[in-house]
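Undergrad:
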Amino acid sequence: MRKLYATVLILILMSAFLSGCFSVSLNTDSGETRTSPEESSVVDSEVDSEIEDEPTVYTDSPTTAPAVPGITVRPAEWAQVEWQPYSCAYFTLNVPNGWKVQWDGNAQKLWWTATSPDGKIGIHNLDHDYAAKDPAMTKTLGFQKPMKDASVQGYFEMIYEDSADYFTVKNSCVPGNYNVVQSSVNKQIKDYKALYATFRDATVGEGEGVYSAVLFNHDDIFIRGANYANWEIDAIVTQWAPIGQLVNWSQVLAQIAQSFAYTDYYIQEWQSWMKTSTNPTSSVNDTDPVLEAFEERSKSDTIIQEKRSDMLEEYERVYDNDTGEIYRAYNGFLDDIGDQNRYTPIKDSQYAEGYVGWIDK
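Numbering (the working numbering) for the sequence shown: 23 to 383.
#1: Look at the alpha carbon of alanine 263 and the alpha carbon of arginine 222, and state the distance between them as a whole number of angstroms.
#2: If the criterion is Cβ atoms closer than 8 Å, does the pair valine 191 and tyrosine 214 meet it?
#3: At what residues does the alpha helix (DSSP H) containing tyrosine 288 begin and finish?
#4: Are phenylalanine 178 and threonine 285 touching if we call contact CB-CB under 8 Å?
#5: Using CA atoms only, rank isn't needed, just tell me which of Asp171, Gly229, Phe244 and Tyr233 is closest to serine 194.
#6: Looking only at DSSP bridge pairs, what is leucine 132 linked to?
#7: Could you spell out the range, first to last residue, of the alpha helix (DSSP H) harbouring valine 226?
#8: Return helix, strand or coil for valine 103, following the three-state DSSP convention.
#9: Does the region 110–129 come into contact with the region 291–300, if we say contact requires no fewer than three beta-carbon pairs (one atom in each stretch) closer than 8 Å?
#10: Which same chain residues, not among the five before or five after lysine 10, have their C-beta less than 7 Å away from its C-beta?
#11: For a test of the three-state rule: what should DSSP assign to aspartate 187, helix, strand or coil?
#12: Return the residue from the list His146, Ala283 and Asp140 that minimises the CA-CA distance to alanine 111.
#13: Flag this pair as yes or no: are the beta carbons of glycine 266 and glutamate 328 separated by less than 8 Å?
#14: If distances are taken between C-alpha atoms only, which option among Asp156, Ala219 and Tyr337 comes closest to phenylalanine 244?
#15: Give the list of continuous beta strand (DSSP E) stretches no shorter than 3 residues that lie fully inside the region 207–269.
#16: Buried or exposed: where does isoleucine 326 fall if 16 or more other Cβ atoms within 10 Å of its Cβ makes it buried?
#17: Can you tell which of Ala98, Thr300, Glu254 and Ile181 has its C-alpha closest to the C-alpha of valine 269?
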């Protein structure tokens, strides 16, 4: 089973990971990150002390202010990210300055979460999880809950059942690397999906996320009428943000994922445990499967949502032809600047592309 799991992760990494799905925030009502039914401890001591005191790495170009007298630009946080390295015994990571990293586990099972200071934006990775087939055997097998619907969607719905007011899957798709993953394992994949969903919880409020995982079926094991078998869920990745902001933060979350790397200590422990000389590969670096569902979400719904937001907040969205960037400008901006070629109204399809800041006067 472990070798099977390792193979799945390698193949998921080799194929596109973020083009597939976008994941969800697994939050409890108290605001703490809840990564899986089995996770009970968070290594808080590893958080602030291991953010290295190195100079901040600047990787995103500052947004250029409009060259119009009396007009200023207010850059969005996601458009001017300052990066800092994070390290612990098992992995290294780059995160935006001020973000919090939590993790727990070892080379046999490892999870980590990186979140904004308020917890409203984040990314989570868990290598594998389990759920009981027989509800009566849940506690006996050491799980918190059985999985009522044996599917990737059912798994995430189970996670959100107690921590969210609602969790609604808006779109799902089979990642493009399904056949590659299936051909590499010696058992049948029961479900492999990328989901896009909206939710509401105590930490994020109204949110949206993308979710991806691979579900395997274990053969039934009946003893005295009880089924001791479980479902295995691998390569679990989630990303989330407040509703309407996921598209803006997608590149930042992708860069966090792509910066993830195992340490030599982790590799040595993993090789000893697996009795192999090969190197492990992460299930999070390649983010294509995570984003597919997000990219296939209903664009018409997104356009309507964004237009409504602009109307209520009194903005008009404009395109900067010099920089190729989209801004939310105050109503009347285009009238105020008169005839010019730099700023033009965006097309309807561009409402689904996000924006880099606000134009004020």
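C-beta: ideal position from N, C-alpha, C; glycine also. No experiment lies behind these values; they were computed from the predicted model shown.
TA: In short:
#1: So the two alpha carbons sit approximately 11 Å from each other.
#2: For valine 191 and tyrosine 214, no; Cβs fall outside 8 Å.
#3: If you look at tyrosine 288, you'll find it in the alpha helix (DSSP H) that goes 286–296.
#4: No; because the gap between Cβ atoms is not below 8 Å, this pair is not in contact.
#5: Among Asp171, Gly229, Phe244 and Tyr233, the Cα nearest to that of serine 194 is on Tyr233.
#6: Per DSSP, the beta-bridge partners of leucine 132 are Gly127.
#7: Per DSSP, valine 226 belongs to no alpha helix (DSSP H) and is neither H nor E.
#8: In the three-state reduction of the DSSP assignment, valine 103 falls in the coil class, being assigned neither a helical nor a strand state.
#9: Touching, yes.
#10: Residue 10 lies beyond the residue range present for the chain, which begins at 23 and ends at 383; the question has no answer from this structure.
#11: Aspartate 187: strand per DSSP, three-state reduction.
#12: Out of His146, Ala283 and Asp140, Ala283 has the C-alpha closest to the C-alpha of alanine 111.
#13: Glycine 266 is a Cβ neighbour of glutamate 328, given a cutoff of 8 Å.
#14: In terms of Cα proximity to phenylalanine 244, the closest of Asp156, Ala219 and Tyr337 is Asp156.
#15: Within the region 207–269, the beta strand (DSSP E) runs of at least 3 residues that lie entirely inside it are, in chain order, 211–223, 227–239 and 252–264.
#16: A residue is called buried once 16 or more other Cβ atoms fall within 10 Å of its Cβ, and isoleucine 326, having fewer, is exposed.
#17: With distances taken between Cα atoms, valine 269 lies closest to Ala98.
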